[in-house]
Structures are given as C-alpha cells and as structure tokens.
Amino acid sequence: MKRSLLKQMCNEWRGNLWVIAGLTVVSSAVWILCAQLYGILRPTFYPMGFEDEGLYIMSVHDVPEGESNKSGQDSKALADRNGDLRALLKEFRENPNVEVAGLSMNGTPYQRSWYASLWLAEEPDTTGYSGYTKFMTPEMVRVLGLRSSTGKSTEELEAVLRKGEVLITTRPGVDEEVAESGGYLPAAMIGKKVTGEAGGTSEYVVGDVVDVMRESMFYRPMGTIIKPLAEENPYVVGEIAVRVKPGMGEAFMDDFESKGEMQERGCIYLSAPDKVTYRRMSAEQSEIVSTRLYVSLICFIFIIIFLGLLGSFWFRVQQRTGEIAIRKVCGASRRAIFHRIIGEGMILLLVATALAAAAAWTIIFKSDPGEDHMPALIIELLTFVIVSVCVVVSLWWPARRAMRIEPAIAIKDE
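The numbering used here puts the last residue of the sequence shown at 539; the count rises by one with no breaks.
In structure tokens form, the structure reads like this:
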C-alpha cells in the first residue's frame with residue numbers, strides 16, 4: 126500500500142510540486158507568525174521577582190514654603206524634615222493593619238530609574254554589572270518580598286543593606302548572553318568591591334543576588350542595582366511603601382483617610398495610597414491592548430491559511446472522486462482510502478516542512494551562530510503541529526464527503 130502510494134505520488138510529481146510549494150510558503154508564514162508571537166509572549170514567562178498583592182505606595186511631598194500644615198504651624202526647616210519623615214514612618218509601622226513599612230527612592234515596582242553600571246574597583250576599566258538603580262531601606266526587602274537567589278534568608282538580605290552593601294538581581298535571558306561574551310554573572314560579583322563610575326572613589330561591596338525585579342511582564346528582564354538608603358538621609362526619599370496584613374487593605378485605607386497624622390507631618394505630606402496592583406494594570410494597559418490586537422491578527426491569519434488549505438485540498442480530493450470510487454469497487458475499505466488520502470497529505474507536508482526548515486535554519490545560523498537555538502526548534506515543532514492539524518482537517522472533510530458518493534454516480538461521466 127505504501128509502495129503504491131509513493132509510486133503514485135512520483136507519477137503525479139508535477140501536481141505535487143505545486144502542492145509542496147504552497148505548503149512550503151504556508152509553513153514559512155506560520156513559522157514567522159509563531160516566532161513573532163513567541164517574541165511577544167516570552168517575557169511573560171519570567172517571574173516578576175516581587176509580590177505586589179497587599180503592597181501600597183505613598184509619594185512623599187514637601188509642603189510649599191510659607192504655607193501652614195493642618196496643625197496651624199509654619200513649614201519647618203529642611204533640617205527638621207528627617208524627624209517629620211521618621212514620625213510618619215513610625216505611624217505606619219505601628220498601625221495594626223500594616224505588616225512592614227519602608228522608605229525608597231525609585232525603588233517600588235513599575236517605576237523606572239536611571240540605568241547605571243558597577244565598575245570593578247580592582248579592574249577600573251571593567252564593567253562588572255549594569256542595571257537600573259534603586260535606593261531602599263532594609264525593610265523594603267520584606268515590603269517587596271524579595272528573594273535571594275543564593276539561598277539567604279530575608280533577615281540576611283536586610284543585614285546586607287544595613288552594612289551598606291548593595292544587592293543586584295539576576296537577569297534571565299541577559300545573563301546567558303553575558304556569559305557567552307565572557308562577562309561576569311551576578312553570582313560571580315558577590316563579595317567584589319565596585320564603584321559607581323570608572324575610577325570612582327566611592328566603593329561598595331556586592332552583598333548578594335536576588336531574583337529579578339521586573340518593570341513589566343511584557344519587557345525583557347533587565348538588571349537592578351539595589352543600594353542602601355538610610356533613614357537619616359531623607360532628602361532623596363521618594364515614597365513610603367507598606368505591606369498590609371492579609372485581608373486588611375480596606376481597613377488600612379480607612380485608617381489613612383480618617384487619620385491626619387498618617388497623611389501629613391510638619392513640612393511633608395503624603396499622596397493617597399496607590400495600590401501596586403492598580404499601578405501594574407495602568408503600566409501594562411497599552412502593552413496588553415497591543416498584545417491582544419497582535420494575537421487576534423495572528424489568529425485571523427491562521428484562519429485565512431486554514432481556509433486556503435481547505436479550498437486547495439477540497440479541489441484536489443474532488444478531482445479524485447472517480448479514483449476513490451474505483452478503489453471502493455475493487456474492494457478497498459473506506460478506512461484504507463481515508464488513510465491513503467491523509468498519508469499523501471502528510472508526506473507532502475513533511476517534504477515542505479523540510480524545505481522551509483532548511484531555509485529558516487540557514488538564516489538563523491548565519492545571523493547568529495552562537496545563539497541558543499532551542500526556542501527556534503520549539504517554534505519549528507509548533508509550526509509543524511499547527512500546519513499538520515490544518516492539513517488533516519482540510520483533508521478530512523472533503524475526503525469524508527467523497528467517500529459517501531456511490532461509485533456508479535462518481536464514474537458515470539468517465
């Protein structure tokens with residue numbers, strides 16, 4: 126049966142060449158679409174690196190000079206700002222609905238900061254690590270739910286910041302490229318002395334590595350440099366961040382709105398608490414809409430490709446109605462005929478897939494021979510599965526209809 130099928134396909138090579146050419150184009154188009162979709166969705170596979178549920182952020186603002194606060198007192202001098210900030214922070218730490226509170230500058234989620242590098246102090250011309258810079262008090266480790274990638278406890282991470290050392294994060298997808306280029310991986314930076322600029326005098330020590338802190342689930346994970354922020358230096362503080370106890374979010378909001386001592390103290394006041402989950406929705410709204418539109422477009426193109434295959438194979442099967450009838454008269458079962466039609470389509474698809482894959486892999490290896498090509502292999506397999514399903518479905522329906530026709534009717538015009 127298989128030998129006769131291959132022989133028949135060789136005899137019909139002219140028609141099959143056109144089918145193979147069409148399937149090659151289809152496979153290439155599906156491969157490109159899958160690659161584009163994978164590129165969009167790949168960043169969403171990585172962890173966010175923090176826990177945003179129950180996290181609230183309040184921005185710190187200065188009362189304009191000359192205005193009075195709610196106590197009727199004049200604005201305090203900048204020298205007293207530290208005491209005001211400490212008093213506000215104490216209110217949050219003592220609130221029964223709050224689990225932990227901390228101070229930060231550009232250290233909260235979905236907030237971009239400046240991109241900087243850590244230069245190795247022992248190798249002044251060598252960049253050891255690059256990432257977005259965030260300043261935090263030690264309590265922010267618990268506020269954000271940061272996790273050590275080396276197995277250290279939360280208390281040990283807080284101790285790192287208290288000692289004046291810095292934390293750096295992993296960079297999924299980036300660290301692999303750094304390793305291939307001979308650069309330093311984050312784990313190799315632990316214990317090294319670094320400076321904020323080439324040849325700089327201010328030195329830090331990298332205390333540990335924590336899991337990546339994502340700016341958005343749609344962006345490629347980038348590095349983060351977490352520097353210690355002392356409560357005694359409030360002039361750079363941008364926000365107070367609190368983590369409320371489970372289920373106490375509404376109670377915390379009610380307390381904030383009803384208690385003036387939680388909103389303003391001396392020469393500073395706080396903005397209304399911003400729930401980080403809402404901030405995430407706002408930050409990612411445009412990406413979500415764009416992704417949905419793109420995915421919808423890809424699905425629409427898939428439907429068009431499927432309808433094109435259905436029309437092509439429908440016409441192909443209809444041309445063979447007489448052949449199917451003769452095989453039925455000669456004793457062939459419906460199942461055997463059906464398997465023969467499906468088998469012919471899959472053989473043509475395998476040849477087309479091989480041609481499309483050869484072209485795709487040639488381009489991939491020439492563009493970047495040292496890249497990890499596992500994603501490309503996955504995309505190739507996914508493409509074959511999608512096109513295979515389309516081919517089988519496109520053959521199944523016309524083949525079923527053709528086999529229901531009585532042989533005498535099918536060959537009456539022969």
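Note that beta-carbon positions come from the ideal geometry of N, C-alpha and C, so glycine has one too.
What would DSSP say about G253, mapped onto helix, strand or coil?
If DSSP states are grouped into helix, strand and coil, G253 belongs with the strands.
Look at the alpha carbon of R339 and the alpha carbon of S152, and state the distance between them as a whole number of angstroms.
Cα to Cα, R339 sits roughly 35 Å from S152.
Reduced DSSP secondary structure (H/G/I, E/B, other) of A212
In the structure shown, A212 adopts helical secondary structure according to DSSP, grouped into three states.
Pairwise C-alpha distance: W486 and L520:
Separation of L520 and W486 (C-alpha to C-alpha, rounded to the nearest whole angstrom) is 29 Å.
Quick one: what does DSSP say A313 is sitting in, helix, strand or coil?
A313 falls in the helix class under three-state DSSP.
Let's test the definition: count the other Cβ atoms within 10 Å of the Cβ of M406 and tell me whether it reaches 16, buried, or not, exposed.
Around the CB of M406, fewer than 16 other CB atoms lie within 10 Å, so the residue is classed as exposed.
Alpha-carbon to alpha-carbon, A160 and F343:
Spanning the two alpha carbons is a distance of roughly 16 Å.
Check this for me: beta carbons of R272 and D336, under 7 Å apart or not?
The beta carbons of R272 and D336 sit closer together than 7 Å.
Go to E301, then tell me how far its alpha helix (DSSP H) extends in each direction, as first and last residue.
Unbroken alpha helix (DSSP H) run through E301: D300 to E305.
Is W244 near T320, with beta carbons less than 7 Å apart?
Here W244 is near T320, since their CB atoms are less than 7 Å apart.
Would you kindly report the start and end of the unbroken beta strand (DSSP E) that includes G436?
Going by DSSP, G436 is part of no beta strand (DSSP E) but of the alpha helix (DSSP H) stretching over V401 to Q444.
With distance defined between alpha-carbon atoms, name the residue in H464, I504, A483 and G436 nearest to C515.
Out of H464, I504, A483 and G436, the CA that lies nearest to the CA of C515 is found in G436.
Measuring CB atoms only, is the stretch 257-269 touching the stretch 224-238, in the sense that at least three cross pairs come out at less than 8 Å?
Yes: at least three Cβ pairs fall under 8 Å.
Taking contact to mean at least 3 C-beta pairs separated by less than 8 Å, is the stretch 249-258 in contact with the stretch 414-429?
Taking a contact to require three or more Cβ pairs closer than 8 Å, the stretch 249-258 and the stretch 414-429 do not qualify as touching.
Would you check if the distance between the CB atom of V517 and the CB atom of I145 is smaller than 7 Å?
It is not a contact, given that the beta carbons lie outside the stated cut-off.
By Cβ distance, which residues of its chain are closer than 8 Å to T254, with the 5 residues on each side in sequence left out?
Residue identity differs from the one stated: residue 254 is Tyr in this sequence, not Thr. Correct list, in chain order: S242, L243, I293, Y309, P311, M314, V319, V331, G348 and I350.
CB F425 to CB P398, shorter than 7 Å?
A distance of 7 Å or more separates the beta carbons of F425 and P398.
Using only alpha-carbon positions, find the residue among T169, G179, M173 and V155 that is nearest to A376.
Minimum Cα distance to A376 is reached at G179.
Is Y235 near R404, with beta carbons less than 7 Å apart?
Going by C-beta atoms, Y235 is nearer than 7 Å to R404.
Going by DSSP, what residue range makes up the alpha helix (DSSP H) through G374?
Per DSSP, the continuous alpha helix (DSSP H) segment holding G374 begins and ends at G374 to S383.
Who are the near neighbours of T295 in its chain, counting only those whose CB is closer than 7 Å to its CB and skipping five residues on each side?
Here the set comprises S274, P311, V334, D336 and V337.
Taking the alpha helix (DSSP H) that R368 belongs to, which residues open and close that run?
R368 -> not in any alpha helix (DSSP H); beta strand (DSSP E) instead, spanning E364 to V369.
By DSSP, does A479 sit in helix, in strand, or in coil?
If DSSP states are grouped into helix, strand and coil, A479 belongs with the helices.
Determine the DSSP secondary structure at R267, reduced to helix, strand or coil.
Here R267 sits in helix by DSSP.
Which whole-angstrom value is the C-beta distance of E216 and M387, which I expect to be below 8 Å?
At roughly 5 Å, the Cβ-Cβ gap stays under 8 Å, so E216 and M387 are in contact.
Close-in-space but distant-in-sequence residues of the same chain around K400 (CB under 7 Å, 5 per side omitted)
Within the same chain, and ignoring the five residues on either side of K400 in sequence, the residues whose Cβ sits closer than 7 Å to its Cβ are Y181.
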